[in-house]
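S.K.: Structure incoming, see below.
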Amino acid sequence: DGGITQSPKYLFRKEGQNVTLSCEQNLNHDAMYWYRQDPGQGLRLIYYSQIVNDFQKGDIAEGYSVSREKKESFPLTVTSAQKNPTAFYLCASSIGRARNEQYFGPGTRLTVT
Amino acid sequence: AQTVTQSQPEMSVQEAETVTLSCTYDTSESDYYLFWYKQPPSRQMILVIRQEAYKQQNATENRFSVNFQKAAKSFSLKISDSQLGDAAMYFCAYRNSGGGADGLTFGKGTHLIIQP
Numbered sequence: 001d002g003g004i005t006q007s008p009k010y011l012f013r014k015e016g017q018n019v020t021l022s023c024e025q026n027l028n029h030d031a032m033y034w035y036r037q038d039p040g041q042g043l044r045l046i047y048y049s050q051i052v053n054d055f056q057k058g059d060i061a062e063g064y065s066v067s068r069e070k071k072e073s074f075p076l077t078v079t080s081a082q083k084n085p086t087a088f089y090l091c092a093s094s095i096g097r098a099r100n101e102q103y104f105g106p107g108t109r110l111t112v113t
Numbered sequence: 001a002q003t004v005t006q007s008q009p010e011m012s013v014q015e016a017e018t019v020t021l022s023c024t025y026d027t028s029e030s031d032y033y034l035f036w037y038k039q040p041p042s043r044q045m046i047l048v049i050r051q052e053a054y055k056q057q058n059a060t061e062n063r064f065s066v067n068f069q070k071a072a073k074s075f076s077l078k079i080s081d082s083q084l085g086d087a088a089m090y091f092c093a094y095r096n097s098g099g100g101a102d103g104l105t106f107g108k109g110t111h112l113i114i115q116p
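Taken in order, these protein sequences are the chains called A and B.
Its first residue numbered 1, the first sequence is counted upward by one per residue in the working numbering.
Its first residue numbered 1, the second sequence is counted upward by one per residue in the working numbering.
Right, dumping it as structure tokens:
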């Protein structure tokens with residue numbers, strides 16, 4: 001089955017530690033995205049990548065980093081510089097701008113204490 | 001920058017009735033796409049319907065239809081014959097179709113309650 005996988009579903013970390021969230025897709029999509037969801041805030045764009053080895057900051061990129069070494073993978077690192085990292089993180093992909101639907105993974109709930 | 005506003009934090013409807021969720025947006029672009037996504041308690045985001053700004057005809061997907069008013073920058077979602085499985089958060093989203101920044105801009109969502 002084609003789709004987007006995010007692991008793990010729940011992640012717990014101590015304050016001051018970096019943590020990497022996984023996102024893999026087998027849809028052969030060129031573009032991938034990371035969003036953050038907080039209660040009452042909707043989704044906000046962190047980073048996106050339209051092609052391998054290239055990525056762009058979204059609206060709330062501070063305290064986050066990404067890499068895109070393979071078409072299928074777009075991991076997100078939440079660094080210790082992120083002031084409020086506890087949130088629900090969603091990864092998405094799309095064929096590109098020619099087809100504009102984004103397909104979402106199941107998400108990772110990150111809790112930092 | 002584009003903004004999307006959903007003015008109804010919560011809506012309630014009786015099963016089998018019709019409900020309309022509101023969405024307005026602000027953009028200086030002429031070509032763009034609009035979407036409604038559903039997020040049930042599982043938190044999986046599911047695409048409900050999409051609308052291309054250059055199309056005057058309103059999109060329809062089974063019981064879901066939109067009322068797209070480009071001049072008014074309004075994009076409402078109508079759900080007919082509401083079912084218990086329609087209970088979820090509904091998000092309106094905007095995306096540029098041309099160059100420039102990519103990604104979706106979301107509203108804050110509307111919590112839809114279906115009363116049996």
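Virtual Cβ for every residue (Gly too), placed ideally from N, Cα, C.
#1: Under 7 Å Cβ to Cβ from residue 15 of chain A, same chain only, skipping five residues before and after it: list those, please.
#2: At least one CB of chain B closer than 7 Å to the CB of residue 48 of chain A: is that the case?
#3: Considering only C-alpha positions, which residue in the set B/98, B/69, B/103, B/63 is nearest to residue 122 of chain B?
#4: Exposed or buried, which one is residue 72 of chain B when buried takes at least 16 other CB atoms within 10 Å?
#5: Which two residues bound the contiguous beta strand (DSSP E) that contains residue 42 of chain A?
#6: Within the same chain, show all residues whose beta-carbon is closer than 7 Å to that of residue 86 of chain B, passing over the 5 residues directly before and after it, in chain order.
#7: So residue 54 of chain A is in the beta strand (DSSP E); what residue range does that whole segment cover?
#8: What does the Cβ neighbour count give for residue 57 of chain B, buried or exposed, with the cut at 16 atoms within 10 Å?
#9: Below 8 Å, how does it come out for the region 35-47 of chain A and the region 17-25 of chain A: are there three or more Cβ pairs, yes or no?
#10: With a threshold of 7 Å between beta carbons, is residue 96 of chain A in contact with chain B?
#11: According to DSSP, which residues form a beta bridge with residue 111 of chain B?
#12: Just mark residue 103 of chain B as buried or exposed, buried being the case when its beta carbon has 16 or more other beta carbons within 10 Å.
#13: Flag this pair as yes or no: are the beta carbons of residue 37 of chain B and residue 75 of chain B separated by less than 7 Å?
#14: What's the C-alpha gap between residue 13 of chain A and residue 35 of chain A?
#15: What do you reckon, are the CB atoms on residue 106 of chain B and residue 43 of chain A nearer than 7 Å?
#16: Between the alpha carbons of residue 95 of chain A and residue 14 of chain B, how many angstroms are there, rounded?
#17: Only counting the same chain, and skipping five residues up and downstream in sequence, which positions put a Cβ closer than 7 Å to that of residue 107 of chain A?
#18: Relative to chain B, which residues along the region 17-39 of chain A have a C-beta separation below 9 Å, given in chain order?
#19: What are the boundary residues of the beta strand (DSSP E) that residue 31 of chain A is part of?
#20: Is the beta carbon of residue 108 of chain B closer than 7 Å to that of residue 44 of chain B?
#21: In whole angstroms, what is the alpha-carbon distance linking residue 21 of chain B and residue 8 of chain B?
#22: Terminal residues of the continuous beta strand (DSSP E) containing residue 54 of chain B?
M.R.: So, to answer that:
#1: 112, 113
#2: yes
#3: Because chain B in this structure spans residues 1 to 116, residue 122 of chain B falls outside the shown range and cannot be described.
#4: exposed
#5: It spans 42-51 - the beta strand (DSSP E) in which residue 42 of chain A sits, taken as one unbroken run.
#6: 79, 112, 114
#7: 54-57
#8: exposed
#9: no
#10: no
#11: B/10, B/89
#12: buried
#13: no
#14: 19 Å
#15: yes
#16: 38 Å
#17: 6, 88, 89, 90
#18: Answer set for the region 17-39 of chain A: 31, 33, 35, 37.
#19: 31-38
#20: Going by C-beta atoms, residue 44 of chain B is not nearer than 7 Å to residue 108 of chain B.
#21: 7 Å
#22: Residue 54 of chain B -> no beta strand (DSSP E), and no H or E assigned at all.
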